[in-house]
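Asks:
Residue numbers (my numbering): 5 to 646.
#1: Any contact of the region 408-422 with the region 609-616, i.e. 3+ C-beta pairs under 8 Å?
#2: Please return the same chain residues whose Cβ sits closer than 6 Å to the Cβ of residue 183, not counting the five positions on each side in sequence.
#3: Output the distance between the C-alpha atoms of residue 48 and residue 71, rounded to the nearest integer angstrom.
#4: Taking the beta strand (DSSP E) that residue 484 belongs to, which residues open and close that run?
#5: In three-state terms, what does DSSP make of residue 117?
#6: Please determine if the region 559-577 and the region 590-602 are in contact, where contact requires at least 3 C-beta pairs separated by less than 8 Å.
#7: How would you label residue 167, buried or exposed, when you count the other beta carbons within 10 angstroms and need 16 or more for buried?
#8: If you pair each beta-carbon of the region 228-243 with each one of the region 200-219, do three or more pairs fall below 8 Å?
#9: Anyone know if the C-beta pair for residue 432 and residue 492 falls short of 9 Å?
#10: What is the DSSP secondary structure of residue 609, counted as helix, strand or coil?
#11: With DSSP as the reference, label residue 627 as helix, strand or coil.
#12: Could you give the distance in angstroms between the alpha-carbon of residue 643 and the alpha-carbon of residue 393?
#13: Using 10 angstroms around the beta-carbon of residue 379, count the other beta-carbons present and answer buried if the total reaches 16, otherwise exposed.
#14: With a CB to CB cut of under 7 Å and the five nearest residues on each side skipped, what residues in its chain are close to residue 535?
#15: Using a Cβ-Cβ cutoff of less than 7 Å, which residues in the same chain neighbour residue 209 once the five nearest sequence positions on both sides are dropped?
#16: Taking the C-alpha atoms as reference points, what is the distance between residue 630 and residue 163?
#17: Should residue 494 and residue 599 be called a contact, given that it needs their Cβ atoms to be closer than 9 Å?
#18: With respect to the beta strand (DSSP E) encompassing residue 74, which residues constitute its N-terminal and C-terminal limits?
#19: Look up residue 554 in the DSSP assignment and say whether it is helix, strand or coil.
#20: Does the region 366-373 come into contact with the region 281-293, if we say contact requires no fewer than three beta-carbon pairs (one atom in each stretch) closer than 8 Å?
#21: Would you kindly work out how many angstroms separate the C-alpha atoms of residue 56 and residue 67, rounded to a whole number?
#22: Which complete beta strand (DSSP E) runs does the region 303-373 hold, if anything under 3 residues is left out?
#23: Output the boundary residues of the alpha helix (DSSP H) element that contains residue 459.
#24: From this set, 482, 97, 602 and 641, which residue's C-alpha is nearest residue 497's C-alpha?
#25: What is the rounded straight-line gap between the Cα of residue 638 and the Cα of residue 472?
#26: When you compare the CB positions of residue 228 and residue 538, do they come within less than 9 Å of one another, or not?
#27: Can you tell me whether residue 643 is helix, strand or coil according to DSSP?
#28: Look at the alpha carbon of residue 468 and the alpha carbon of residue 239, and state the distance between them as a whole number of angstroms.
#29: Please give me, in chain order, every unbroken run of the beta strand (DSSP E) with length at least 3 that falls completely inside the region 138-219.
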């Protein structure tokens, strides 16, 4: 097993067990040699200095320093007296001492304990940027790792911490800083970048967020209104577990270490556990409101004005939110790029196969980005990178676009027609008139158990630990637990890219229940490749039309309030329910079929809060007719340009 693959496996296993992650800071090499003296670590340079041009013609400059020097657990005081701790990595000379001079600084703020996780996920080699003349500062977020304070994920105080960390790093009082700062990192570290940038700290010049959330409630916490029990407990458990590891700083600053450890334990008891319990019991945490608005980058993205390079994944936790961030930035003229690959959360975090886009590896892309915006280098040739680069499922090619929703896209609706029977008879999906009919979706509590959805919503962990399971590649078995409608074999290819809407007319005896929708590509062999999914509590079907996206008059991306006040059970009534199917890009090839499958559960991803559980155990009836026009609407691409 290669070193990067080993690291991903260790990372996945650690997440799965919510225990400490013991992984190297970057891919090891046979020529690595480390020496430790107090808080200083020097690392020799791997023999990988020769630059190779990438397909678009840009050439990465080689390393200019022979190694790196690390200073651990620097004290970074916040304005309220709390001390955060950061590890600083600087370019080194051949004798192992820090190179003289001031450097642009790349900051990463993590909640996953810098002493355990490091900062170099996906780097081509340890210290890639540092060896090329950057300083790297990795800081434990308040209440995590070696930092003091109580963890409050993305709360107002943590957002202010980001601003103060950047300004501390940009200060001329730091003898190693030239005053110009960039930020990088995936997931939590990516979200933190957006909140920090929105506060416009002095010195911040550019950010590089990978797989960041846009709207934490809709993206991941409660997709469709049900609680995400697949990822959220794992994530909170990971932060809590790494937070109660005795801080390394205890050896050199016992008082600070003890304060940090006690506050971390206190945070687990006062933030993590109560929040999870409240959500499961159907309390405020199960509904959208000020708590989630404060923690959603889309609420502050209009204040971000620094160049932003976004990486997203079509099987990622934040599949929905990352493109919305791009659109908001692009609309305001902020220099921004978007790459969306066929990746889950781990793959997007590591930059797996991002070089296939044609513009370099993750390390090379970061070098291009920061050289341009922190160093002013015109040799970065960023104009060669299209604003949008998206992987097209079905064709296996990369498409380039100027906007996320292509200017040539039109709304195409496929109507659900006639009846259908679970595991026996599929219904028809057609662009023609719909025949009247009904279909009963049974409440099968194991629907979703072994699917791409199960892997996606546990951050891609199953895909690492059991990649060969057929059910992760073929959704046919899972589709038999619900109702299926599909087109006839395509007579010519159908392309679409962006969000998708399923408007389903449904009724239940209780007025409750959830519609779990997946769209798939069905090959002539019968293999069912899941493209994307969406979920919606029937009782939370109310639309905020002002925030809903339309295309050619059709709902393309619905926006539901998900508040207590918006709940509207309708026992026995047939009601329209718009299910937001998260964005994807696909080519349904000639001879293939487009399929929509509807189930009542998606485990282990989602489970109903306790008050919703009784209503989730009753069958759901789907209705198709001119009176009840259930349909699937896609952003159809009439031209197949790259």
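The beta-carbon is built from N, C-alpha and C at its ideal position, and this holds for glycine as well. All of these numbers come straight from a predicted model, not from anything done at the bench.
Replies: Concretely, from the data shown:
#1: Contact fails: fewer than three Cβ-Cβ distances are below 8 Å.
#2: Residue numbering aside, residue 183 sits at position 179 when the chain shown is read from its first letter. Within the same chain, residue 183 has close Cβ partners 174 and 207.
#3: The residue given as residue 48 occupies position 44 in the chain shown. The residue given as residue 71 occupies position 67 in the chain shown. For residue 48, the predicted model reports a pLDDT of 46, less than 50, meaning its position is unreliable; a value from the coordinates is still stated below. Cα to Cα, the separation comes out at about 5 Å.
#4: Residue numbering aside, residue 484 sits at position 480 when the chain shown is read from its first letter. Unbroken run through residue 484: none, as it is neither H nor E.
#5: Locating residue 117 in the chain shown gives position 113, where the first residue counts as 1. Correct three-state label for residue 117: coil.
#6: Inter-segment contact for the region 559-577 and the region 590-602 is absent: fewer than three beta-carbon pairs are separated by less than 8 Å.
#7: Along the chain shown, read from residue 1 onward, the residue named residue 167 stands at position 163. Buried: at least 16 other Cβ atoms inside 10 Å.
#8: Between the region 228-243 and the region 200-219, the count of C-beta pairs closer than 8 Å stays below three; the two stretches do not touch.
#9: Numbered from its first residue, the chain shown carries residue 432 at position 428. Numbered from its first residue, the chain shown carries residue 492 at position 488. Contact check for residue 432 against residue 492 passes: the beta carbons are separated by less than 9 Å.
#10: Stepping through the chain shown from its first residue, residue 609 is reached at position 605. Coil.
#11: Within the chain shown, residue 627 is the residue found at index 623, counting from 1. Taken through DSSP and simplified to helix, strand or coil, residue 627 comes out as strand.
#12: Along the chain shown, read from residue 1 onward, the residue named residue 643 stands at position 639. Along the chain shown, read from residue 1 onward, the residue named residue 393 stands at position 389. Whole-angstrom Cα-Cα distance: 16 Å.
#13: Against the chain shown, residue 379 aligns to sequence position 375. In summary, residue 379 is buried, with 16 or more beta-carbon neighbours lying within 10 Å of its beta-carbon over all protein chains present.
#14: On the chain shown, position 531 is the one that residue 535 refers to. Short of 7 Å from the beta carbon of residue 535, and not among the five residues preceding or following it, lie these beta carbons of its own chain, in chain order: 397, 523, 524, 525, 588 and 590.
#15: By one-based count along the chain shown, residue 209 stands at place 205. Once the five neighbours on either side are set aside, the close Cβ partners of residue 209 are 184, 185, 186, 310, 377 and 378.
#16: For the purposes of this step, residue 630 is taken as residue 626 along the chain shown, with counting starting at 1. For the purposes of this step, residue 163 is taken as residue 159 along the chain shown, with counting starting at 1. Distance between the alpha carbons of residue 630 and residue 163 is about 51 Å.
#17: Locating residue 494 in the chain shown gives position 490, where the first residue counts as 1. Locating residue 599 in the chain shown gives position 595, where the first residue counts as 1. Taking 9 Å as the Cβ cut-off, residue 494 and residue 599 do not qualify as a contacting pair.
#18: Position 70 of the chain shown, counted from the first residue, corresponds to residue 74. For residue 74, the enclosing beta strand (DSSP E) has its first and last residue at 71-81.
#19: Taking the first residue of the chain shown as position 1, residue 554 is located at position 550. Here residue 554 sits in strand by DSSP.
#20: By the C-beta criterion, the region 366-373 is judged not to be in contact with the region 281-293, since fewer than 3 inter-stretch pairs fall below 8 Å.
#21: Counting from 1 along the chain shown, the entry for residue 56 is found at position 52. Counting from 1 along the chain shown, the entry for residue 67 is found at position 63. For residue 56 and residue 67, the distance between alpha carbons rounds to 13 Å.
#22: Within the region 303-373, the complete beta strand (DSSP E) runs of at least 3 residues are 312-319 and 340-348.
#23: Counting from 1 along the chain shown, the entry for residue 459 is found at position 455. According to the DSSP assignment, residue 459 belongs to the alpha helix (DSSP H) that extends over 456-460.
#24: The residue labelled residue 497 in the question sits at position 493 within the chain shown. Closest option to residue 497, judged by alpha-carbon separation, among 482, 97, 602 and 641: 641.
#25: Within the chain shown, the letter at position 634 stands for residue 638. Within the chain shown, the letter at position 468 stands for residue 472. So the alpha carbons of these two residues sit roughly 31 Å apart.
#26: Position 224 of the chain shown, counted from the first residue, corresponds to residue 228. Position 534 of the chain shown, counted from the first residue, corresponds to residue 538. Their beta carbons are under 9 Å apart, which means residue 228 touches residue 538 by this criterion.
#27: As a working note, residue 643 is residue 639 in the chain shown. It is coil, neither helix nor strand.
#28: Reading the chain shown from its first residue, position 464 is the one you call residue 468. Reading the chain shown from its first residue, position 235 is the one you call residue 239. In this structure, the straight-line span from the alpha carbon of residue 468 to that of residue 239 is close to 17 Å.
#29: You should have 139-144, 181-190 and 208-214.
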